[in-house]
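Below is one structure, written out as structure tokens, with a few remarks after it.
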Amino acid sequence: MNISKIANLKFFFTKTKNLSKFLGYLTFFLMLGGIYWGLFVAPSDYLQGESYRIMYLHVPAAWLSLQVYMIMAFAGFISLVWKVKIMEIISIQCAPIGAYFTLIALVTGMVWGKPTWGTYWVWDARLTSELILLFLYIGIIALYSSFSDKRQAVKITSLLTIVGLVNIPIIHFSVEWWNTLHQGPSVTKFDQPSMHISMLLPLLYMFVVFNLYFVAVLIKRVQLGIYSREKKSKWMEEYLNG
Amino acid sequence: MYMENALENFEISISSATCLKSNNTIFSDINYTLKSGELLLVMGPNGCGKTTFIKSICGIQKLEEGAIKLNNVDISHGDSQHLGNFLYIGHKNSLNDSLTVFENLEYLCALDRSIQNNIKSEITRNLSFFGIENYKNYLVSKLSEGNKKKTSLTRLLLTNKKVWLLDEPLSYLDENGANKVLKLLNNHLIGGGIIIASSHIDFSVDIGNSKVFYMDNSL
Amino acid sequence: MYMENALENFEISISSATCLKSNNTIFSDINYTLKSGELLLVMGPNGCGKTTFIKSICGIQKLEEGAIKLNNVDISHGDSQHLGNFLYIGHKNSLNDSLTVFENLEYLCALDRSIQNNIKSEITRNLSFFGIENYKNYLVSKLSEGNKKKTSLTRLLLTNKKVWLLDEPLSYLDENGANKVLKLLNNHLIGGGIIIASSHIDFSVDIGNSKVFYMDNSL
Amino acid sequence: MIKTLFYKEFQNYFRNLSSIFLPLIFFFLIISIFPLLIGPDKVLLNKIVPGIVWITIIFTTLLSSNNFFKDDYNNGYLETFLTSDSSVEFILFLKIISCWLFTCFPIIIFIPLVSIFFNISMKDSFIIISTLVIGSPVLISIGIFGSALTLGLAKNSILVPIIILPFFIPILIFSASAIESVSSGTPYEMQIYILLALLVFVLPTMPYLLKYTLSLSINN
Amino acid sequence: MIKTLFYKEFQNYFRNLSSIFLPLIFFFLIISIFPLLIGPDKVLLNKIVPGIVWITIIFTTLLSSNNFFKDDYNNGYLETFLTSDSSVEFILFLKIISCWLFTCFPIIIFIPLVSIFFNISMKDSFIIISTLVIGSPVLISIGIFGSALTLGLAKNSILVPIIILPFFIPILIFSASAIESVSSGTPYEMQIYILLALLVFVLPTMPYLLKYTLSLSINN
Ligand code: HEM
Ligand SMILES: Nc1ncnc2c1ncn2[C@@H]1O[C@H](COP(=O)(O)OP(=O)(O)OP(=O)(O)O)[C@@H](O)[C@H]1O
Ligand SMILES: Nc1ncnc2c1ncn2[C@@H]1O[C@H](COP(=O)(O)OP(=O)(O)OP(=O)(O)O)[C@@H](O)[C@H]1O
Ligand SMILES: [Mg+2]
Ligand SMILES: [Mg+2]
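Residue numbers (this note's numbering), protein chains in the order written: chain A, 154 to 395; chain B, 9 to 227; chain C, 9 to 227; chain D, 91 to 310; chain E, 91 to 310.
Okay, here's the thing in structure tokens:
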């Protein structure tokens, strides 16, 4: 038995118990503040009126859907190359969270699309590739859950995740390669300094809050992941009993 | 470090080999050293880990800890140069059902760099050793279980590899076939090779220079 | 004509059985009669047709000529009523890799109408006969070769079928396992059953009432 | 006994409960590929949606019936199964039903959602669903039959589709014609009746046909 | 040695010489199903032909790469192969190439014929063929990678398509965009270059990725 490897998981499990709780409460209150800022303080848009405010959910969620994927792939890579156990768990536990952000980006995008584009859905490259990202997340989760041997499962899914990185630039640059509906007037507005700061600041704030939320959920999920993998091990029994 | 004919000092050492599968320890801390001309017969009850042990020597199965050394060079991280010394024949025959006996052997030999001479004539010649020359152009799917085994064991006659890893080489064989295998093993040892084999029948008495390793850590 | 407990006059007769495969005669004109309590041990070199012969008795392999009679009723045209008397365990284990040991046995038993009582508890109880009770909830893909065989042989303990057809039942088994199989065979014969088995090891000496049928018409 | 066998056929699919969603995701993937390939022209897309739905069902059928018996054949279960004294035909029937239930059925129940995506009218979506409910079990049966026919052969992934696609044609013709009739307001009952007749004929006879085909395959 | 191995990969497909025509027949079957499902409207059909061709190629890829290594895995050849001292990567490369040569290639060379059927201009048909020639080897590679990933799993015919379809999207986007550009007269070179870059990147790296994936799969 390699003690350092076990200790690794044990360290994380025991040290982060309170951290995740603290982060959970923190994000909750920060989120309330952000919603207030975005909905009531920020000025309304001269073109879209009030409907643009969904941006404060849509854009951070969309950004995180990409960011979480990159973190997941990074953790997967480390777990494959250096066999760091904690990274295995982090990598796979990112997947449901990422899928969740992707779903939020899709739903808020659709809700936003109705007033701005007059339809919930168009088949343009940005929208389609974001939908595909959701499928990629689901594929990764499905592949993972198909294996009965979870150590094997992590190795295989990490490979898939890393290869899947190619989709990230495609989603990001899709608007440039396929000039269609997405990101029309709302983005050009960022170039106008008058509206810029007052709208951008709450957006950045929400982005930070979403990130905190992600970290809080991730830590909780990783703890559960460690528990389900190590529940039969000695240190876990000792820890839970004593 | 492909050892052409320098058989004299050839040595395999297995040190503190430990293997895990889905968090179960299959075996732990196995230490053995084998020199040219020696056979290690792995015995033990079903499920004790014989197959896993043999697979771990040629790198099909990764070890959790420990090392496999070939003349003091650790090969447990699998580089194909050193794999050139191993021939593994396991429970499964590596035979493609939709190819003939001859074609199967031809392709298996093409993977084996230790074979230099004309494969085709060699195969035809050696099929008669186990008496399966009449099946040469049979599809493998039409062979009986024992004849499949004989086909895959014919590789032993063709290869020049130094270390043979054989997992229950006698299974499904008739008496005659089994005796021929034992003869082959003896010849290989005399030629300075090394053999690691598993079996439920203790054939070490029929073999010159052999050790028996009795595994017993079944669940 | 499912023979509940009327074992006394039970009889199988094989008359002038002939089998062709892709126009090759595998065996021809085999005649045997077996009564309750008798074992027929089919022996012979690889490829002589043992497997084919055993398969032809329960109708997996169709005969070209001849008849298989159960108490003088010809069953070689395969109706499932009479198949109710046969249990066939061949080279292959009939085990689904992605189900557990327990589930596999459960489903195999569900196909077997001779089993009337509570299957689940019976299976759990009988797994310990071969000492594989710890593998009960293992996926079959994770078992060792011998333990797969033991799993499929556990069906012998569960079934009430009268005629057992066993193709090399001892292959891959450790010594202990093989002895247990022989014990089972003996018990079945004592209970009035009939067994037709193939093997490369002549175990007829260990069995009460046995005939050896030496096939030899290999290609 | 029957209960256990029933359960078994289902368990194969149920082992990962999440895997009932897989056909659905497959469906959405295919659906979202079409606009990429054909272009996002709404009018064009709307016209071909029923076709896309049917194509997806066809491919789901091809993929899920491909090598349907291969594993059972390789591990010897088929021999045990076919020479057992239980009701082989009934179990084969269960196999067909459960294959349908876990591949086509999840897709069909999500068609209303797709209809919203593509602005398809209730009436049209209803007839698409009806033809699918009646037609897809027949497709699955034919697919499984195809895989039984090619059981003894070496892996050939394209052969089965080629064998069975011609048999799909009648069902496709009547379904397409029913959908067409509804959108053009002409009577469509006739086509539905023919589809129903096919279903009623194929489903009960297929297990017998399958049993015979399989017993030829194991006796080679 | 290399010659023998080369020959082997080809022989798998060549054993029945007739089987090179199978992908072709499959292609024509699919092509002829579309008018059935969409209706015989010529203008509509012409518009979606490039899409149909691509869909057919996608499904051919899915079908032929599904369970690509399964037989070799089951009979133990994969273990022998991966631990041999021959050039494993090179043989894997051969496998990819030969799979492409016997499934996608026959379809591609018959596209001019299809173009005549559907009144597609030379220029359009040329760009369809170009994108297919460049894109389909990448699709095949990805498909084979998907089957390597799922090697250790019980049969699940839908999982592989779900895993790999997202990776097809980039290729589809650029191909469709190139085809679109040609018919609308805008420059298309950029897209072709991107496709070429993908091909040049994927084909040489895939054997290494495959070897790694397979060696993880056999070591379970
Ligand atoms: C279902 C529909 C939609 C989806 C799937 C979607 C998806 C995305 C994604 C993935 C991003 C992140 C891009 C990146 O960081 O590279 C994004 C950003 C953004 N989206 Fe959407 N979106 C949708 C609808 C909309 C609508 C209707 C609007 C407003 C008209 C909109 C406005 C924006 C803006 C302003 C950004 C940030 C721009 C930037 O990152 O440069 N989105 N969206
Ligand atoms: N993926 C796995 N997870 C957990 N245990 C496993 C796994 N694969 C194999 N095992 C266990 O490893 C043990 C060793 O298996 P192995 O095949 O090496 O046995 P063996 O000695 O060759 O037995 P036999 O004589 O039956 O061939 C078995 O008990 C088996 O159940
Ligand atoms: N389809 C076929 N066409 C022609 N010959 C065949 C076919 N299938 C099997 N055979 C031949 O039938 C013979 C008998 O095979 P069988 O499997 O019954 O042998 P066996 O006695 O069981 O051998 P073993 O001891 O090796 O298991 C073999 O020689 C085999 O090659
Ligand atoms: Mg073993
Ligand atoms: Mg046999």
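From the three backbone atoms N, C-alpha and C, an ideal C-beta is built for every residue, glycine too. Since this is a predicted model, take the numbers as computed values, not measurements.
May I have the straight-line CA-CA distance separating residue i from residue j, to the nearest angstrom?
i, j, result
"F117 (chain D)", "I197 (chain D)", "7 Å"
"L48 (chain B)", "K188 (chain B)", "19 Å"
"Y146 (chain B)", "F100 (chain D)", "40 Å"
"D277 (chain A)", "I263 (chain D)", "32 Å"
"L168 (chain E)", "I308 (chain E)", "8 Å"
"S231 (chain D)", "P297 (chain D)", "9 Å"
"N156 (chain D)", "S386 (chain A)", "43 Å"
"D120 (chain C)", "S108 (chain E)", "44 Å"
"S298 (chain A)", "I321 (chain A)", "24 Å"
"T94 (chain D)", "L243 (chain E)", "24 Å"
"F110 (chain B)", "S218 (chain B)", "33 Å"
"G236 (chain D)", "L304 (chain D)", "11 Å"
"I120 (chain E)", "L126 (chain E)", "10 Å"
"I372 (chain A)", "I379 (chain A)", "10 Å"
Which partner residues of residue i appear in the DSSP bridge assignment?
i, result
"E19 (chain C)", "C:K43"
"I204 (chain B)", "B:L48, B:L173"
"V81 (chain B)", "B:L78"
"S218 (chain C)", "C:L47"
"L95 (chain C)", "C:W172"
"N32 (chain C)", "C:K29"
"L147 (chain B)", "B:T108"
"E73 (chain B)", "B:T26"
"I38 (chain B)", "B:A25"
Does any C-beta atom of chain B lie closer than 7 Å to the C-beta of residue i?
i, result
"D277 (chain A)", "no"
"P177 (chain C)", "no"
"A244 (chain D)", "yes"
"L95 (chain E)", "yes"
Give a yes or no on whether the minimum CB-CB distance between residue i and chain C is below 7 Å.
i, result
"G98 (chain B)", "no"
Kindly say whether residue i, judged by its beta-carbon, lies nearer than 7 Å to any beta-carbon of chain A.
i, result
"F207 (chain D)", "yes"
"I252 (chain E)", "yes"
"N136 (chain E)", "no"
"S30 (chain B)", "yes"
Kindly list the residues whose CB is nearer than 8 Å to the CB of residue i, restricted to its own chain and excluding five residues on each side of it in sequence; keep chain order.
i, result
"M212 (chain E)", "S205"
"E114 (chain B)", "I127, K128, I131"
"K301 (chain D)", "L172, V178, E179, L182"
"I123 (chain C)", "C117, E130, L166, T167, N168"
"T167 (chain A)", "Y392"
Is any beta-carbon of chain D found at less than 7 Å from that of residue i?
i, result
"F288 (chain A)", "yes"
"W190 (chain E)", "no"
"A75 (chain C)", "no"
Less than 7 Å between CB atoms is the rule here; does residue i satisfy it with respect to chain E?
i, result
"S129 (chain C)", "no"
"I309 (chain A)", "yes"
Only counting the same chain, and skipping five residues up and downstream in sequence, which positions put a Cβ closer than 7 Å to that of residue i?
i, result
"Y222 (chain C)", "M51, G52"
"L287 (chain A)", "A252, T255, L256, L259"
Residues in its own chain within less than 6 Å of residue i by CB, not counting five upstream and five downstream?
i, result
"V292 (chain E)", "V228, S231"
contact_flag[the stretch 89-104 of chain C, the stretch 156-175 of chain C] where n(CB pairs < 8 Å) is 3 or more: yes
The stretch 263-283 of chain A in contact with the stretch 183-195 of chain A per 3-pair CB rule at 8 Å: no
Contact between the stretch 146-159 of chain D and the stretch 248-255 of chain D (3+ Cβ pairs under 8 Å): yes
Inter-stretch contact (C-beta, 8 Å, three-pair minimum) for the stretch 192-212 of chain C and the stretch 41-56 of chain C: yes
Three-pair Cβ contact test at 8 Å for the stretch 359-375 of chain A versus the stretch 248-256 of chain A: yes
Three-pair Cβ contact test at 8 Å for the stretch 70-90 of chain B versus the stretch 27-43 of chain B: yes
Touch test, the stretch 277-286 of chain E against the stretch 304-312 of chain A, Cβ-Cβ under 8 Å, three pairs minimum: They do not touch, by the three-pair rule.
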